[in-house]
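Following: one structure in structure tokens, then a few remarks.
There are 2 protein chains.
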Amino acid sequence: MSTKAEAVTVDVPAYMQETGRRARAAAKQISRAESGMKDAALNAIATAIEEATGRLKSANESDLAAGHRHGLDAALLDRLELNDARIAAMAEGLREIALLPDPVGSISDMNFRPSGIQVGRMRVPLGVIGIIYESRPNVTADAAGLCLKSGNAAILRGGSEAIHSNQAIAACIHEGLAAAGLPAEVIQVVETTDRAAVGELIRMEEYVDVIVPRGGKGLIKRISKEARVPVIKHLHGVCHTYIDDLADIDKAVRVSVNAKTQRYGTCNTMETLLVATAIAERVLPVLAGKYRDAGVELRGCEATRRILPDISVATEDDWSEEYLAPILAIRVVDGLDAAIEHIDRYGSDHTDAIITESLPRAQRFLREVDSSSVMVNASSRFADGFEYGLGAEIGISTDKLHARGPVGLEGLTTLKYIVLGDGHIRT
Amino acid sequence: MSTKAEAVTVDVPAYMQETGRRARAAAKQISRAESGMKDAALNAIATAIEEATGRLKSANESDLAAGHRHGLDAALLDRLELNDARIAAMAEGLREIALLPDPVGSISDMNFRPSGIQVGRMRVPLGVIGIIYESRPNVTADAAGLCLKSGNAAILRGGSEAIHSNQAIAACIHEGLAAAGLPAEVIQVVETTDRAAVGELIRMEEYVDVIVPRGGKGLIKRISKEARVPVIKHLHGVCHTYIDDLADIDKAVRVSVNAKTQRYGTCNTMETLLVATAIAERVLPVLAGKYRDAGVELRGCEATRRILPDISVATEDDWSEEYLAPILAIRVVDGLDAAIEHIDRYGSDHTDAIITESLPRAQRFLREVDSSSVMVNASSRFADGFEYGLGAEIGISTDKLHARGPVGLEGLTTLKYIVLGDGHIRT
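Listed in order, the protein sequences are those of chains A and B. Counting the first sequence from 1 gives a position; our numbering is that position plus 6. Counting the second sequence from 1 gives a position; our numbering is that position plus 6.
Right, here's the structure in full:
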């Protein structure tokens, strides 16, 4: 370690290139590792993390102390903290990943062709995954687990504010990998806090196959702009619920309240409520009462304010705002077409829901709303890898190519074609 | 059209922005179009092309004459030419695309989750596809057909040497779209030959979802480097056949001859033959005779030349060469491990095959060779969208993300999550 650390102070590009070279070599080994070996490593890392609880907390205290000194705000300090419960949750998360089916090597769609060859597809790892994240040190364990299970090597680059916590977790990861007979280079946690390391990581096309940034919109925009390596982006969530005039009022109220108030700071929280004119007078007063009780500030269009005169005015900016807070924009729209048009114009292609009893309207909404998750009579808060049955997620993609919506193990793999013949030739 | 043409001479960026804006609007319409309407358009375009045979040939003659004046070589002039057979083939290709199942809207993996919601995935178009290609005007019809069928809008930018042919085909496409009641903006063929149009197209992130370049390695490298829009790349094919020592000699000879000689200029043609030491003396002399008869120049490693002393020497450069010509590099390797190592080091991740009767060796080769197509006892020439049953292909991707190998209709679509509830909320 000391040699590497010295190299860092001297030459970040050289250090990152070396990290990339090692990752590429390790990727070959982990892509061929048997499922049992990978699961053994995941369980061994979990055990190592539990046994290192004391060391992890003391490393984390160094980070927290530095955070206090640097004046990090309370929310950031909270995200940075590792306590007994969070450490136990990291270990538990790794054991759950070990229990998921191994996606690697699974063969699908194997069919005979008229020429006599059999053609199918095999799921294989992407190779080397670079993950760039902020504050929360548990991402180090989560991301390592998902990359390992999906047969990829990973280069993890956490925030400088969590460097001691992340390095302590890295030691547990390496202990677990060694116990299972896998090389430490499968999961490398970048040891320098120099920001130049990120610039290198996102440009090492030879060594890195995909970058997954986890953090604020600013970080992700910057990385996408500068990266030469493909990026799985998760920008932001301006999620809508549209209450159709053919909605069941009870369901509309239940779902709309949950979509806004179940948690405020998540990307799948509803930020704008759209209500059909014909049902607005019946549903809005009931909803307003519930939101008032929950302490949600309402901002409405003119038509909304004719029904709810006490709420404040929604401006044009409100329609594209990701509040991540107890604030809700409400707009009365003519009907389904106007709702789809609003979502198309102001939404972020993340998650949008319709509340309706009408089958044709549900069908049209599902088909025509171009978002990563489209829902009928359900809370947008369900847009999540665990809720969808992916077992875990490394992020939610608002991109269209490769992975869309919650990205689990499958999103960290790709399909290659396999062909079986018996001396077949093309004529 | 005259207004557009005038705009072009004045301001290419403005013209391309306007093209992008129209494509984005048209993408919405075509993504929602019923299958029958899209198929009607495809058939109407086919008919329009057949009926315009005379006009297409005369437009093509202008291009050919200009090509001669500019000294294009014979191969390029051949690719540029539209004759009766090629025009009929374009029409036939469109009718075949019409017969393929519509990928859009198909729902898969719909399952109930413990929370009570039903989660599945729906296949949807990517949006706007930009295609940049050279010489062969039939790409205009093929690409238009695939984009239309998969519910995407397209901006097609062909080579300047084919501008008259491409514009004549564009007129047929617009005639067919109009006959089916679809807007002309679904398929736009760029009317300017100014190269600045390409620079704009690959940077219009707001309007274009993916770029598919079809052409030489140089073009694709340049586009990938400068693009802001994601690119589905097809770089080159350095394809291998490895004859294992447990191969059947007859199958080995049949497949290896076909993989090299069935066509020389295609990316799935074998460029390097690897032969296990233990079988080399038995198989190489037979193969050499066949290749000699076919007029293939052989270049061998030292061990190969001990068996075939008359052939020339393969240098280090030969191992990574895509000849696209009747030349074959031959290397004798110790066995499976050495073969996989060679492919890993010198290959282009396109298509690689093993010839063996051994199941475990076939399994290892399929699993460990990281190429878009991996084959057992079959000719690499099978790596093709038609042969794989995709119906047609827009290209072959050597990328790992999104699409790998031959890209058909599925590669021009993506999956979004759909969720059905009945008033379900997250707790």
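Quick reminder that beta carbons are idealized off the backbone N, C-alpha and C, glycines included. Being a predicted model, the structure only gives us computed values, none of them experimental.
Residue from the options with nearest C-alpha to residue i
| i | options | result |
| --- | --- | --- |
| B:E191 | B:D390, B:P19, B:E24 and B:G427 | B:E24 |
| B:Y270 | B:K239, B:V289 and B:I333 | B:I333 |
| B:H242 | B:T419, B:S377, B:I51 and B:H74 | B:S377 |
| B:N89 | B:A47, B:E399 and B:D69 | B:D69 |
| B:G417 | B:L330, B:P189, B:G157 and B:V259 | B:G157 |
| A:R127 | B:L421, B:G429 and B:G411 | B:G411 |
| B:G99 | B:P236, B:R337 and B:I51 | B:I51 |
| A:V214 | A:A91, A:A29 and A:E56 | A:A29 |
| A:G224 | A:K239, A:T199, A:N264 and A:A65 | A:K239 |
| B:Y248 | B:L280, B:T267, B:A33 and B:K227 | B:L280 |
| B:R260 | B:V216, B:R209, B:A294 and B:R367 | B:A294 |
| B:A282 | B:I313, B:G164, B:V413 and B:I55 | B:I313 |
| B:I193 | B:S403, B:E393, B:I123 and B:E181 | B:E181 |
| A:A368 | B:L365, B:L426 and B:I285 | B:L426 |
| A:D299 | A:V319, A:T272 and A:K266 | A:K266 |
| A:V110 | A:R61, A:P189 and A:K422 | A:K422 |
| B:L83 | B:R92, B:A91 and B:G73 | B:G73 |
| A:E308 | A:I336, A:P366, A:A147 and A:A284 | A:I336 |
CB contact check: residue i to chain B, cutoff 8 angstroms
| i | result |
| --- | --- |
| A:E22 | The question names Glu, yet the displayed sequence has Met at residue 22 of chain A. By this cut-off, A:M22 is not an interface position. |
| A:P332 | no |
| A:R228 | no |
| A:Q268 | yes |
| A:R163 | no |
| A:V261 | yes |
| A:R38 | yes |
| A:R27 | no |
| A:R75 | no |
| A:R367 | no |
Helix, strand or coil at residue i [DSSP, three-state]
| i | result |
| --- | --- |
| A:T419 | strand |
| A:D84 | helix |
| A:V289 | helix |
| A:S156 | coil |
| A:Y21 | helix |
| B:Q194 | strand |
| B:G126 | strand |
| B:M210 | coil |
| B:N274 | coil |
| A:C178 | helix |
| A:V244 | coil |
| A:S318 | strand |
| B:S114 | strand |
| A:N428 | The displayed chain sequence assigns Asp, not Asn, to residue 428 of chain A. It is a strand residue. |
| B:P412 | strand |
| B:E67 | helix |
| A:I238 | coil |
Min CB distance residue i to chain A below 8 angstroms
| i | result |
| --- | --- |
| B:D250 | no |
| B:I285 | no |
| B:N264 | yes |
| B:E393 | yes |
| B:I431 | yes |
| B:D256 | yes |
| B:P236 | yes |
| B:R142 | no |
Cβ-heavy atom distance, residue i to the ligand NAD, below 7 angstroms
| i | result |
| --- | --- |
| B:G111 | Annotation note on the ligand NAD: not contained in the displayed structure, which lists no ligands. |
Exposure label - residue i; buried when at least 16 CB within 10 Å
| i | result |
| --- | --- |
| A:N117 | exposed |
| B:A150 | buried |
| B:D256 | exposed |
| A:L154 | buried |
| A:T420 | buried |
| B:G136 | buried |
| B:I113 | exposed |
| A:V195 | buried |
Residues of the region 405-429 of chain A with a CB closer than 9 angstroms to any CB of chain B: list them in chain order, please. Going along the region 405-429 of chain A in chain order, one finds D405, K406, L407, H408, A409, R410, G411, P412, T420, L421, K422, Y423, I424, V425, L426, G427, D428 and G429 with a Cβ nearer than 9 angstroms to chain B.
| Between the region 369-385 of chain B and chain A, which residues of the former have CB atoms less than 8 angstroms from a CB of the latter, in chain order? | Under the 8 angstroms Cβ criterion, the region 369-385 of chain B contributes L372, R373, E374, D376, S377, S378, S379, V380, M381, V382, N383, A384 and S385.
Mind listing which residues of the region 106-133 of chain B have their C-beta closer than 8 angstroms to chain A's C-betas, in chain order? For the region 106-133 of chain B, the set of residues with a beta-carbon nearer than 8 angstroms to any beta-carbon of chain A comprises G111, N117, R119, S121, I123, V125, M128, V130, L132 and G133, in chain order.
Quiz item: What residues in the region 196-230 of chain A bring their beta carbon closer than 7 angstroms to a beta carbon of chain B?
Solution: Look at the region 196-230 of chain A: the residues with a C-beta under 7 angstroms from a C-beta of chain B are D215 and V216.
Legend entry - Interface positions of the region 182-195 of chain A facing chain B (Cβ-Cβ less than 7 angstroms), listed along the chain: For the region 182-195 of chain A, which is checked against every Cβ of chain B, not one residue is closer than 7 angstroms.
Can you list, in chain order, the residues of the region 323-357 of chain B whose Cβ is nearer than 8 angstroms to any Cβ on chain A? Under the 8 angstroms Cβ criterion, the region 323-357 of chain B contributes D350.
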